[in-house]
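The block underneath contains the structure these notes are about, expressed in structure tokens.
What follows is the structure, encoded as structure tokens:
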């Protein structure tokens, strides 16, 4: 048992391994959030945030976790009783649906098998049928963290455009932003929901709404009650680098550092790195003779890979053995995937040898748990890494 | 100009000076929030939190700033259109009132002069008049951060009890918790609202609701829409040391460290230290020949002192000179006190010599700004500190 | 190229990966080294150090790198012109010999092939021949960092004892202490030389002399000039927890934390972990069809493994490719091993998956550098790790 | 008793308050000291060091405390039996004298009263008498940390020049470098000895030798035994950014950060700040009716002020009360000043309000210890600070 020496492998699909630079940044002394030094910090990072979302519009930063930014996207744009469409792509899409209903919206939940992304065709049909334009918004999870499936947002956008439908497009990029190519403006997204603890390499505690002009206009008439999440006072204060309430200053220090790191590596390189690590991981899974949960190769996630075990195995037992023997945390199967699936996070501050260590641990853990695997998995992954 | 050497004096009434121990704690690597190590952390700190609130009941910790916990107190206990009583004790009481109205509540706002706390007599009159028990809640700010006035919660409680009125008592302890004596259970408070960045010595980003049984019962029928702030799933998950969404893990590390520090010093000693520093500060203010904003000595705040300048002076000019010349941040006058008042925070991780440096800087800054002051202020403060 | 994301793999045989706990400890504010808080720290850690050296005698801590502790061992016990025996076990043994000569000692350097440890038989012969007891000391490097060969100190001791020779036994444990079983008292060592940046998991900057009673006695007559390295004033001051000059306070904070970590894991477990990782590494090397430099299996090092390449290869090219492509630092071939050898450090704060990542990187790097290797290396290592 | 809240006041004349930026820097992961990243770091900081010493020549950085750099200055330039002149300016000058004697040098120790700096006239006399040029070196402590007296190095230099004497000039700037104006080249100093934990704002553990061409030449013939301290291999390795042994990497990270901070403030501003704080401190001492130990106003130290108490008082009792009641560390009286003197450090990372807090604590502590003081001390200091 070597669990207590060396560095823990945090290979859940978020929170991700926080870089030392970011940890040091958040450990700087807190400053006056109404003083000139804070304003300089805030104006700088609010600008640096925009390219990460692929937007020229403002991005609101909440001192709250990602779930809060989900709520913000809804209460700022919608009114009690509004109809929205959502897609059953997995556990988090289901949770967001639940939230919408709790807040008083009516959700048309397009069924899914948790192995595919949001279906543009199904959306097109529903929008075509909505001749009265009662549907106020379409809610999509870009990268479903429970399944490792990445929905094709441009095709969703195209479906809305082709139907010439005025519905807002709300997209959750919780586990894709900063890891998987994403373009708020180009793809015509109205509200992008994101958080700090995945591709942005921060601890949890910050979340985001990127907002289109159309969403800003919708906010002026939306009637769901709101105060903390209200965009208006935040955007007003942000213009001078301030907040209507006390912001999470130390996490903002970390955010600035993380944004600098993304700039240094270059976003296209960041995305390529994630794609490459995902390809190596799938090579391992397939090499082991196991199944990747994601059923459509156009929708493979660059951020995580969910591995589906046969019904004779308990995925949580595999995870437990790996945690105890190899000090590595993997993601559990959520909702109806409980016990069937484990998830390997390969996003954020990560590199080839961390992935090699991760996949070595998974392979050994599978073997120790009695899952029949072909040891060709690991070499297959290394072949991908070596080939560059 | 020595502004760029040495340590900044952060003497706003929060965020306060974060101890190195806490900064180091929050810089530890983020862990899996669904793993056994996290559960151990959470169960431990949820227990250690209770005595700080003076409660045996659960305390909900939000990954959000204090304003969020205000909203949580309202949306968990009240329904659209409910009547509540609030007191115009200052800027933050006014903001909380605004929030209540934005969320669809009807607020009876007892007028005040921003120099006194919540008036138990006015409350008694209003409750007596409310024979139909339409008033659902009484909202009080314990320590008004904009004025340095501490409301007498036990007398507020007594007024409610004497009226035999069922209204909930909601108390904001944003700038008092961990600095000024406070007792959720003994004083019959139903929801206590608090945050991390004041007496708890943390960076901003966490906030709290301590909850009475009566408030828990009210939550079962409250109809304001809620999801993120909903106590129920949090309390359910907390029982096993977990959260329904990703908690702000690194700030929780800091919280545990801060709670240990409060235990080490002992809460009664913590409160006595704040009272003593407040007394020394008032001795300085009076010695300078200036006026303390708080007009009732029973309501002097242990956490901050607001200093009222004559109308011929600009308090923000004083603050600006002190920031530029002495690298110290003081609190500005908020709302209708703008320009008339500056606020000296003497709460959190603080000691005698930090206070002596603070008051020295204020005295020199007043002199440099042309405010007529008697130099007897500082010696008067030192006399208090020396006397133990 | 993923060099700039994720954590660097620092797999040289020291400095080793410093645990976050230790890094945080050294970042605490410096305190008065003549005050009571420092004395408490020093007395505590001087006690905790003893079991790590396997001694009940005092251990001197220098605010200096390990080379300084080499010098200290010599100048405290020897006089100009003294004869000493040393063994050509590798680069560092040669450097220590050079130092002894520069300081005015006469060194009888037993020749070696850099693939074996110090030879007890050769020592026995020399001591037997020294009927006049002119040899004042025997200098041995316990674990030769340049070769990955661990000398058998108990057999060296036995040779001295059997010759009934009064020579002092001076042992360099620079890269073994805290990683490989070592017993200052039981093995009759007179001065043990150690440093902070290997098994002790600290940054470089501290070094150590553990001292037998016999060495203390020798110090009273030794005539090499000394001041900074002089044991006497240090030992005198240490009794009350102080130093005759300013100690490296912040590194001492780190030392205390590192000693706590070793206690938590348990020294026997620490040694077993290193043995196991060394075995897995050798399994990989042999699996690749390459040669381990250490030629005697009784002398395999638990701390590092030096890999010998055929003359047709350039070991530094392999290292360079691994650094550039996989962001891992390996040890270079030193002295006459330059270009022929690379060294894999597997000591200090380390675990199974870090080793798996390390060996994956070595295997890929060898392949990329055109070294013919059998890919069976990595699976062979995993088999060792999996077998526990 | 508020000792356990707030920040400790570390007002000994070194180690000084380490800035958070520097503490964070030293907590970065240790890197390979033989890799390209280290070389870049070393070359950069070796260059940035030069202007701080006022030299264009190389500066050697030792992974050792300042006492080691004293030894280095001697063993690199002198031979057994060499005659040197030193001045009894205080405790540290006496310790350096002791070291020289222990190393086998013959010291002509010019007597002093511990209230004046090195006497240029006495030196001139001795050099004039040394017609045979037997004196190999002149050793001077620039700022005597035990007394707060700053010797006038240019006048010492002038005395040597006027005597046309070839002796080397060795100067200890342990507590002046980075605080008090100093010019290695302009003042014709041959070896400047310095350390990390005073004006350089680092923790202890690094020390320095700045070296003139004349000293480099002397080193080629100096015959004191040396190995660890030998300049030659260090200077050779430094040319490529490396070290002949493992350097104290993490402290070097801190050194780079500290050098950046000095550059940002500007050395002339740094010196002016120290002069101003020293003036304010003396104003306080004189205001209290107490005596500054330094007897010549041309020699007042910018780094610390030693306060001389009447024989009826115990200076250590004052210090103890201040530590217990106000959590501030002051310097004790050393050597023959024990009990008569306490020392206030006002150097390093320091500002006006820290000084005001410091002097407030001293004033209160004196009063609590029963020392008769005029409370006019503190206002006199503030008048200096306010006047800018």
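Chains as they are written, first to last, in UniProt numbering: chain A, 1 to 388; chain B, 1 to 388; chain C, 1 to 388; chain D, 1 to 388.
The C-beta atom is built at its ideal place from N, Cα and C for all residues, glycine as well.
- Proximal residues to residue 31 of chain D (C-beta, below 6 Å), its chain only, five neighbours per side dropped: 37, 38
- Task: Closer than 9 Å by beta-carbon distance: list the chain A residues that pair up with residue 327 of chain C, in chain order.
- Result: 351, 352, 353
- In chain D, which residues lie less than 7 Å from residue 18 of chain C when you measure between Cβ atoms? 29, 30
- Give me the Cα-Cα distance between residue 147 of chain B and residue 271 of chain B, rounded to the nearest whole angstrom. 19 Å
- By how many angstroms is the C-alpha of residue 185 of chain A removed from the C-alpha of residue 291 of chain A? 35 Å
- Item | Residues that DSSP places opposite residue 343 of chain A in a beta bridge | A:306, A:331
- Message: Can you tell me whether residue 157 of chain B is buried or exposed? The criterion is at least 16 other CB atoms within 10 Å of its CB, across all chains shown.
- Response: buried
- Query: Under 7 Å between C-beta atoms, does residue 24 of chain D make it to chain A?
  - Reply: yes
- Message: Check whether chain A comes within 7 Å of residue 364 of chain C, counting only Cβ atoms and requiring the distance to be less than that.
- Response: yes
- Message: Bridge partners for residue 230 of chain A per DSSP, in chain order?
- Response: BP columns for residue 230 of chain A are empty, so no partner.
- Message: Excluding the 5 residues flanking residue 299 of chain B on each side, which residues of the same chain have their C-beta closer than 8 Å to its C-beta?
- Response: 116, 117, 149, 150, 151, 152
- Query: What do you reckon, are the CB atoms on residue 247 of chain A and residue 58 of chain A nearer than 7 Å?
  - Reply: no
- In chain order, which continuous runs of the beta strand (DSSP E) of length 3 or greater are located wholly inside the region 245 to 315 of chain A? 304 to 308
- Message: What would DSSP say about residue 369 of chain A, mapped onto helix, strand or coil?
- Response: coil
- Would a check of beta-carbon distances place residue 282 of chain C closer than 7 Å to chain D? no
- Message: Taking 7 Å as the limit between beta carbons, can you name the residues of its chain near residue 319 of chain C, skipping five residues before and five after?
- Response: 330, 332, 342
- Closer than 7 Å, CB to CB, is residue 176 of chain B near chain D or not? no
- Hey, residue 326 of chain D and residue 361 of chain D: beta-carbon distance below 7 Å or not? yes
- Item | Coil, strand or helix - residue 83 of chain D by DSSP | strand
- Under the three-state DSSP convention, the category residue 12 of chain C falls into: coil
- Residue-level contact to chain D via CB, residue 357 of chain B, 7 Å cutoff: yes
- Task: For residue 359 of chain B, name the three-state secondary structure that DSSP assigns.
- Result: helix
- Message: Tell me the rounded alpha-carbon separation between residue 212 of chain C and residue 87 of chain D.
- Response: 39 Å
- Query: What are the partner residues of residue 106 of chain D, as DSSP defines its beta bridges?
  - Reply: D:83
- Helix, strand or coil for residue 189 of chain C, going by three-state DSSP, please let me know. coil
- Item | Proximity winner among B:284, B:306, B:253, relative to residue 205 of chain A (alpha-carbon distances) | B:253
- Which listed residue (B:324, B:219, B:170) has its alpha carbon closest to that of residue 8 of chain B: B:324
- Query: Quick one: does residue 379 of chain C have its CB under 7 Å from some CB of chain A?
  - Reply: yes
- Query: Considering only C-alpha positions, which residue in the set D:287, D:366, D:167, D:337 is nearest to residue 306 of chain D?
  - Reply: D:337
- Item | Partner residues on chain A for residue 348 of chain B, Cβ-Cβ distance less than 9 Å | The premise fails here: residue 348 of chain B is roughly 10 Å from chain A at the closest Cβ pair, so nothing lies under 9 Å.
- Item | Euclidean distance between Cα positions of residue 353 of chain A and residue 339 of chain A | 28 Å
- Item | Selection from D:210, D:238, D:388 that minimises the alpha carbon distance to residue 44 of chain D | D:238
- Message: Comparing C-alpha positions only, which one of A:357, A:131, A:136, A:91 sits nearest to residue 108 of chain A?
- Response: A:136
- Task: Count the other CB atoms, across all protein chains shown, that sit within 10 Å of the CB of residue 2 of chain C; report buried if there are 16 or more and exposed otherwise.
- Result: The predicted position of residue 2 of chain C is uncertain, since its pLDDT is 40 and thus under 50; no value can be drawn from it.
- Item | residue 125 of chain C versus C:68, C:163, C:219, residue with shortest Cα-Cα distance | C:163
- Message: Helix, strand or coil for residue 1 of chain B? Go by DSSP, reduced to three states.
- Response: Low local confidence applies: a pLDDT of 38 at residue 1 of chain B is under 50, so the model's placement there is unreliable, and no value is given.
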